[in-house]
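*Asks:*
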Amino acid sequence: MNFLSDSIQFFYNITVSLGIPNYGIAILFFTIVIKIILFPLTATQARSMKKMQEIQPKIKEMQEKYKKDPQKAQQKIMELYQQEKINPFGGCLPLLVQMPILIALFNSLRTFFDPVRHPEYVNLEHASFLWVPNLGSPDPWLLPILAGLFTFLQSRVSMGNSNDQTQKTMLYVMPLMMAWFARSFPAGLSLYWVMYSIMSALEQWFIRRTPSGVKKEEVA
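Plus 349 on top of the position in the sequence shown (first one is 1) and you've got our numbering.
(1) Identify whether F534 lies in helix, strand or coil by the three-state DSSP scheme.
(2) From A496 to G537, what distance separates their C-alpha atoms?
(3) What's the gap between the Cα of V568 and the Cα of K407?
(4) If L484 and L458 are in contact, beta carbons under 8 angstroms, what's the gap, nearest whole angstrom?
(5) Can you tell me the Cα-Cα spacing of K565 and T393, whole angstroms?
(6) Grouping DSSP H, G and I as helix and E and B as strand, with all else coil, what is K565?
(7) Should the stretch 398-406 be regarded as contacting the stretch 373-390, the criterion being three or more beta carbon pairs within less than 8 angstroms?
(8) Tell me which same chain residues have a C-beta within less than 8 angstroms of the C-beta of I363, skipping the five on either side of it?
(9) Which of the three DSSP states, helix, strand or coil, is assigned to F478?
(10) Express the C-alpha separation of L429 and K417 in angstroms, rounding to a whole number.
(11) For the alpha helix (DSSP H) holding N351, just list the boundary residues, first then last.
(12) Could you please give the first and the last residue of the uninterrupted alpha helix (DSSP H) stretch that includes M413?
(13) Kindly indicate the opening and closing residues of the alpha helix (DSSP H) around Y430.
(14) Under 8 angstroms: do the stretch 463-477 and the stretch 544-552 share three or more Cβ pairs, one atom per stretch?
(15) Going by beta-carbon coordinates alone, are M570 and F501 separated by less than 9 angstroms?
(16) Measuring straight from C-alpha to C-alpha, what distance separates I369 and F478?
Right under this line is the structure:
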């Protein structure tokens with residue numbers, strides 16, 4: 350928690366040096382740096398998901414060919430994953446990395462901007478951002494709506510044209526969940542998530558435009 354508080358203060362000091370002292374801008378800077386650090390992992394995950402979508406016809410063909418032998422079908426599918434260098438569980442990695450950051454930020458921001466418990470170096474005069482009076486308190490409406498909208502955008506870009514019913518369900522469930530949770534988040538955390546989702550959507554859009562390298566071969 351101290352590391353995150355010190356990091357936010359570090360970026361706040363940068364805003365001071367730029368003549369725009371504001372903790373909201375500091376959180377945006379912090380988010381950009383976190384996203385840059387996590388980009389290699391995000392890129393690997395996105396390419397893996399893209400490959401997974403592209404090999405779905407092969408997987409369905411294998412399942413149909415070996416429908417009387419599910420074990421054989423599973424073996425062939427795993428061989429296809431190895432052949433295409435796909436980790437079927439790779440999509441979980443960014444979320445697993447992101448969750449500790451979100452939890453730590455949630456705990457840190459509630460204290461960081463608290464009128465009584467905040468660290469001595471925090472300047473509460475600059476703890477407001479746009480319509481939010483204090484980034485340590487929840488914004489019950491606008492930021493949650495933005496969090497939901499940009500979570501939807503990020504999920505939609507990531508999903509592409511997939512016909513997977515689970516992904517279609519999560520496309521609508523996750524934004525609603527994030528919007529609901531954001532109503533009780535410190536506004537600074539909701540701001541972090543909105544910026545993170547915007548950058549993630551741009552990353553996914555860029556990565557999906559690059560060739561995945563999936564080989565067009567017939568099912569053996």
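Quick reminder that beta carbons are idealized off the backbone N, C-alpha and C, glycines included. Just so you know, these numbers come straight off a predicted model, no measurement behind them.
*Replies:* According to the data block:
(1) coil
(2) 12 angstroms
(3) The predicted position of V568 is uncertain, since its pLDDT is 45 and thus under 50; no value can be drawn from it.
(4) 7 angstroms
(5) Interpretation of K565 is limited by its pLDDT of 47, a score under 50 that renders its predicted location unreliable; the figure taken from the coordinates is listed afterwards. Roughly 21 angstroms separates the two Cα atoms.
(6) For K565, the pLDDT reaches just 47, beneath the cut-off of 50, and the residue's location in the model is therefore unreliable, although a value from the coordinates is still provided. Residue state, collapsed to three classes: coil.
(7) no
(8) A375, F378
(9) strand
(10) 19 angstroms
(11) 351-366
(12) Reading off the sequence, residue 413 comes out as Glu, not Met. Its alpha helix (DSSP H) spans residues 405-414.
(13) 419-432
(14) no
(15) Lying outside 350 to 569, the shown extent of the chain, residue 570 is not represented and no answer is given.
(16) 12 angstroms
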